[in-house]
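In the working numbering, the protein residues as written are 126 to 452.
Each residue gets a CB set at the ideal place from its N, CA and C atoms; glycine is no exception.
Please read the structure below before turning to the comments.
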Ligand code: 8YV
């Protein structure tokens, strides 16, 4: 019997490709290739499944070009690259890769928080530039992390993992805002108190964004929200670009209306708003919060398991639109 044909839209681990090849005829991207939307659509024409990595847009236009497509498995927990409604309408199953990256991503959120609060990147640039010629009482003085107030916007699995680190590791007071409140026993476990968004913005010393991107979270942090924050506060974004208005943030940082920011994600990445590149009080990283080899391998395995689970055994692991399975 012919094996189902699948497309892997970005270069991934050779061992994941080898696993997929046991079950499928695999067409895959080379490390130096990035396909245009048209090239992606052309390659999906004769495929039953696709493996994406979080940045390939799967919408009605692409789906119209792929009549035999049954599943797209995202190697990412976020799936704002999917138009899930269009996928459901086309009878295409969508899966993501939750849980396996929670702790790694929370570690990175904390690393960015620490680097931002304690001005580690600025300190390194200062030293490398040969500017360190004496001790001075306020040289690169930052903000304390221990005992401060940690604010979390978006309290899913990663938000809770960050709350645990803050409360149990650094004795921080943790407040959060989310579409829905945690159950009392969950709040007790992560030692977090629910507040409204305004109180969160006004009270947090370190505000970490961990909410999913959707039209309703577009520019959830803009000029108005930044104006509510303390001038000593730090903002950390490990969620998605587009949640923060990067131009408004660059203005707030330049005018020291907030102390600093740590950003792993950007509107329009991999391009970065040029104004952010000119302010010193921001730590910028290229969307690497989940980037440890064991975690990336676990994410790739989960995406592969979804393809194998569904196309070979009829049972995906982490479906986003399970209603497709009933059809
Ligand atoms: C991915 C992520 O590496 O899982 C997510 O949602 O943001 C990252 O872990 C990213 O999506 C790659 O585009």
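Span separating the alpha-carbon of residue 262 from that of residue 244: Rounded to whole angstroms, residue 262 to residue 244 spans 15 Å at the Cα level.
Inspect the beta-carbon positions of residue 197 and residue 177 and report whether they are closer than 7 Å. Note that the C-beta distance between residue 197 and residue 177 is below 7 Å.
Residue 341 burial status per 10 Å Cβ neighbour count (16 or more: buried): Classification of residue 341: exposed, given that the 10 Å Cβ count is below 16.
Measuring alpha carbon to alpha carbon, tell me which residue in 252, 271, 430 is nearest residue 264. In terms of CA proximity to residue 264, 252 leads the group 252, 271, 430.
Below 8 Å, how does it come out for the segment 300-314 and the segment 270-288: are there three or more Cβ pairs, yes or no? Yes, they touch.
What does the Cβ neighbour count give for residue 221, buried or exposed, with the cut at 16 atoms within 10 Å? So residue 221 counts as buried.
Find out if the Cβ-Cβ distance for the pair residue 146, residue 132 is shorter than 7 Å. For residue 146 and residue 132, no; Cβs fall outside 7 Å.
Going by Cα to Cα distance, which pick from 320, 175, 208 is closest to residue 193? Out of 320, 175, 208, 175 has the C-alpha closest to the C-alpha of residue 193.
In three-state terms, what does DSSP make of residue 235? Helix, per DSSP.
Could you check which residue in 287, 191, 213 has the C-alpha nearest to that of residue 227? Of 287, 191, 213, the residue nearest in Cα terms is 287.
Range covered by the beta strand (DSSP E) that runs through residue 177: Annotation: the continuous beta strand (DSSP E) that includes residue 177 extends over 174-177.
Does DSSP classify residue 310 as helix, strand or coil? In this structure, residue 310 counts as helix in the three-state DSSP scheme.
Does the segment 353-370 come into contact with the segment 419-430, if we say contact requires no fewer than three beta-carbon pairs (one atom in each stretch) closer than 8 Å? Short answer: they don't touch.
Any chance you could list the residues with Cβ under 5 Å from a heavy atom of the ligand 8YV, keeping chain order? Answer in sequence order: 179, 180, 201, 202, 203, 415.
Expressed to the nearest angstrom, what Euclidean distance is found between the alpha-carbon atoms of residue 436 and residue 333? Approximately 38 Å, taken between the alpha carbons.
Mark residue 350 as exposed unless 16 or more other C-beta atoms lie within 10 angstroms of its C-beta, in which case mark it buried. By the beta-carbon neighbour count (other beta carbons within 10 angstroms, threshold 16), residue 350 is buried.
Taking DSSP as the reference, what is the three-state secondary structure of residue 294? The answer is helix: DSSP assigns residue 294 an H, G or I state.
Verify whether the separation of the beta carbon atoms of residue 292 and residue 256 is less than 7 Å. Residue 256 is positioned such that its CB atom lies no closer than 7 Å to that of residue 292.
Does residue 461 pass the burial test, meaning 16 or more other C-beta atoms within 10 Å, or should it be called exposed? As displayed, the chain neither begins before 126 nor continues past 452, which places residue 461 out of reach and without an answer.
Contact check, residue 429 vs residue 144 under 8 Å by CB: the rounded distance? Going by Cβ atoms, the distance from residue 429 to residue 144 rounds to 6 Å, so yes, they are a contact pair.
Going by CA-CA distance only, name the one from 407, 183, 172 that's closest to residue 161. Selected option, being the one with the closest Cα: 183.
Quick check on this structure: which residue in 297, 389, 311 has the alpha carbon closest to the alpha carbon of residue 281? Checked all of 297, 389, 311; the closest Cα to residue 281 is 311.
In whole angstroms, give me the CA-to-CA distance for residue 254 and residue 248. One Cα belongs to residue 254, the other to residue 248, and the distance between them is close to 10 Å.
With distance defined between alpha-carbon atoms, name the residue in 148, 159, 127, 126 nearest to residue 135. Nearest C-alpha to residue 135: 159.
Among the residues of its own chain, which have a CB less than 7 Å from the CB of residue 181, if the five just before and after it don't count? The beta carbon of residue 181 is closer than 7 Å to those of 134, 165, 206 in its chain, skipping five residues each way along the sequence.
Through-space distance from residue 238 to residue 453, alpha-carbon basis: Only positions 126 to 452 of the chain appear in this structure, which leaves residue 453 out of reach.
Continuous alpha helix (DSSP H) stretch holding residue 287: start and end: That run of the alpha helix (DSSP H) goes 282-289.
Output yes or no for whether 7 Å exceeds the beta carbon distance between residue 408 and residue 266. No, the Cβ-Cβ distance between residue 408 and residue 266 is not below 7 Å.
Nearest by alpha-carbon distance to residue 447: which of 186, 167, 204, 217 is it? Nearest of 186, 167, 204, 217 to residue 447, Cα basis: 217.
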